[in-house]
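Going by full-length UniProt numbering, the sequence shown opens with residue 1, and the numbers climb by one from there.
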Amino acid sequence: MNTAPTRRWLRAAALPAAALTLTGVGWADLDQHYALDAGAALALSVARALPLLWSRTRPLLAFGVSAAAVLLTAVLTRPVSAAEPWPMAVTSLAALVALLVLAGSRVTRRACSAMGLAVPAGTAVLIAVLPGRGSWSGLVPVVIATGLALIAAEVLRDRALTRARLVEQEQISELERTKRALLEERARIGRELHDVVAHHMSLIAVRAETAPYRLPDCAPEVREEFRAVSGAARDALTDMRRLLGLLRGEEVAARVPQPELSQLAALVRESGDGATLEVVGELDTVPATIGVCAYRIVQESLSNARRHALGAAVDVRLHRTAASLRITVRNGPGAAPSSAVGGDGHGLMGMRERVAVLDGEFSAGAGPDGGFTVTADLPLPVK
């Protein structure tokens with residue numbers, strides 16, 4: 001059960017409820033114990049309690065308004081008996097303590113300390129300037145209450161700072177995780193491209209080496225040119241193996257053949273009965289680098305569909321034209337998400353990186369029916 005909306009509602013209603021309660025109790029207190037006119041008692045009670053409403057947004061102003069109202073209350077009132085505290089009525093002290101806690105936790109420690117010192121200092125000045133209404137013993141509870149309020153404000157301030165630091169660290173950690181995932185995916189793409197390019201370079205080397213035997217009538221300078229081409233191709237292969245070592249790092253992974261578009265039918269079939277494959281155009285002549293990219297996009301899209309839309313139908317469509325290969329994978333809304341299915345790579349980020357490497361276009365988004373569509377356009381080389 002999600003209780004977050006209830007907690008937000010309670011937090012939003014807490015300050016208005018406290019201000020209303022303090023106004024009502026203060027009105028009765030000033031009317032009964034300080035012989036103040038009912039209208040004046042209500043006005044002063046509102047002025048003392050109302051600043052609670054903006055104690056979080058304008059803390060210094062809120063404390064200043066309430067303190068001024070408390071000062072005016074002390075000047076205009078006289079206790080009906082010696083048992084009633086003066087110059088700080090109970091409700092006046094309650095208003096200032098509440099504001100010290102709430103407003104003090106949102107200002108600097110120096111400002112909060114100044115606010116706290118102003119309360120007992122102002123009380124002492126009133127007792128000295130207006131003798132006969134209260135005693136110095138009334139200063140003791142004011143000092144104690146103010147001290148406790150300052151401690152509470154300090155605790156709340158430290159808690160807020162700690163929470164802010166945690167949020168900041170979480171944001172930094174998430175950014176670092178994203179960067180690391182991006183680098184890992186780029187390295188993975190680089191390893192796959194290495195295998196494809198290495199295959200082509202090997203073919204170049206082999207054909208260059210065997211050309212003099214297949215073409216016995218070629219001139220000596222042509223044979224030398226073929227020998228140079230073969231040497232350059234093998235040097236490039238050596239450099240690429242070194243580059244692959246950097247990309248792999250400490251990873252020890254089994255060398256497996258790169259997937260081909262001819263394996264898509266089996267991939268879609270293995271993903272479940274709800275997946276279908278439609279191919280328009282000839283795929284046999286699609287370059288290997290583009291074929292690997294298309295295969296990985298379909299593979300990751302099927303994994304995402306199983307993970308986030310369990311049981312949904314998935315339609316896979318590849319449309320080959322003279323200029324591009326368009327991949328579209330669409331799944332409908334699923335019955336429930338599944339956390340048991342792992343993805344290969346880093347989801348949408350990995351697919352977007354693969355398409356960007358080939359100068360293609362990528363889009364992904366939810367549909368109005370709750371489904372999800374992934375589309376990639378991969379340009380084909382012009383021959």
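Glycine included, each C-beta is placed from N, C-alpha and C at the ideal position.
Here the structure is a predicted model, which means the values were calculated and not measured.
Three-state class that DSSP yields for residue i in the structure shown
| i | result |
| --- | --- |
| proline 51 | helix |
| glutamate 174 | helix |
| glutamate 184 | helix |
| alanine 40 | helix |
| leucine 139 | helix |
| threonine 321 | coil |
| glutamate 300 | helix |
| glutamate 278 | strand |
| valine 382 | coil |
| leucine 310 | strand |
| serine 219 | In the sequence on display, residue 219 carries alanine and not serine. Coil at alanine 219, not helix or strand. |
| leucine 10 | helix |
| alanine 254 | In this prediction, alanine 254 scores a pLDDT of 48, lower than 50, which makes its location untrustworthy; the coordinate-derived value is nonetheless stated afterwards. Residue state, collapsed to three classes: coil. |
| alanine 83 | coil |
| leucine 283 | coil |
| glutamate 270 | helix |
| leucine 130 | coil |
| residue 437 | As shown, the chain starts at 1 and ends at 383. That puts residue 437 outside it, with no answer to give. |
| glutamate 260 | coil |
| methionine 115 | helix |
| alanine 89 | coil |
| threonine 57 | coil |
| glycine 231 | helix |
| aspartate 344 | Residue placement at aspartate 344 is poorly supported in this model, since its pLDDT is 44, which falls under 50; the coordinates still yield a value, given next. Three-state DSSP puts aspartate 344 in coil, outside helix and strand. |
| arginine 78 | coil |
| aspartate 158 | helix |
| glycine 64 | helix |
| glycine 350 | helix |
| glycine 147 | helix |
| glycine 334 | coil |
Residue i - partner residues in DSSP beta bridges
| i | result |
| --- | --- |
| threonine 108 | Threonine 108 is not bridged to any residue. |
| glutamate 361 | Asp377 |
| valine 316 | Leu277 and Val329 |
| alanine 366 | Phe372 |
C-alpha distance - residue i paired with residue j, whole-angstrom precision
| i | j | result |
| --- | --- | --- |
| isoleucine 189 | arginine 354 | 7 Å |
| residue 389 | leucine 358 | The first residue shown for the chain is 1 and the last is 383, placing residue 389 beyond what the model contains. |
| alanine 305 | glycine 350 | 16 Å |
| alanine 181 | glutamine 171 | 15 Å |
| valine 125 | alanine 94 | 19 Å |
| alanine 275 | alanine 198 | 34 Å |
| alanine 68 | glycine 26 | 16 Å |
| alanine 309 | valine 298 | 15 Å |
| glycine 104 | alanine 118 | 13 Å |
| alanine 356 | alanine 208 | 33 Å |
| threonine 321 | valine 279 | 11 Å |
| serine 202 | arginine 242 | 16 Å |
| aspartate 284 | leucine 175 | 41 Å |
| valine 143 | leucine 161 | 27 Å |
| alanine 219 | threonine 210 | 15 Å |
| alanine 57 | threonine 108 | The sequence as given places threonine at residue 57; alanine does not occur at that position. C-alpha separation (whole angstroms): 14 Å. |
| valine 316 | isoleucine 327 | 8 Å |
| tryptophan 136 | threonine 123 | 9 Å |
| glycine 360 | threonine 238 | 30 Å |
| glutamate 184 | threonine 178 | 10 Å |
| leucine 325 | serine 173 | 37 Å |
| arginine 165 | isoleucine 127 | 44 Å |
| arginine 157 | arginine 106 | 7 Å |
Option nearest residue i by Cα separation, candidates the options
| i | options | result |
| --- | --- | --- |
| aspartate 273 | Asn331, Thr162, Trp136 and Ala233 | Asn331 |
| alanine 312 | Glu270, Thr328, Ser105 and Gly370 | Gly370 |
| glycine 347 | Gly365, Ser135 and Asp235 | Gly365 |
| alanine 323 | Arg242, Val286 and Val292 | Val286 |
| leucine 15 | Thr91, Val143 and Trp54 | Trp54 |
| glutamate 300 | Ser92, Arg109, Arg56 and Val268 | Val268 |
| alanine 38 | Ile144, Thr73, Arg58 and Ala160 | Thr73 |
| leucine 42 | Leu10, Ser92 and Ala62 | Ser92 |
| arginine 78 | Val140, Ala376, Gly134 and Lys179 | Gly134 |
| threonine 146 | His200, Val129 and Met88 | Met88 |
| proline 333 | Gly132, Phe372 and Leu318 | Phe372 |
| glutamate 154 | Arg307, Ser113, Leu130 and Leu44 | Ser113 |
Does the structure place the region 92-108 close enough to the region 140-154 that three or more beta carbon pairs sit under 8 Å? In the pairwise beta carbon analysis, the region 140-154 is classified as touching the region 92-108: at least three pairs are separated by under 8 Å.
So, do the region 17-33 and the region 79-90 have three or more beta carbon pairs nearer to each other than 8 Å? With a cut-off of 8 Å, the region 79-90 and the region 17-33 count as touching, because enough Cβ pairs lie within range.
Using 8 Å as the cut-off, can you tell me whether the region 9-23 makes contact with the region 42-55, which would need three or more C-beta pairs spanning the two stretches below that distance? Yes: at least three Cβ pairs fall under 8 Å.
At a cut of 8 Å, does the region 230-238 reach the region 260-273 through at least three beta carbon pairs? No, the region 230-238 does not touch the region 260-273.
Between the region 372-383 and the region 209-217, can you find at least three pairs of beta-carbon atoms closer than 8 Å? Taking one beta carbon from each stretch, the region 209-217 and the region 372-383 have fewer than 3 pairs nearer than 8 Å; the two do not touch.
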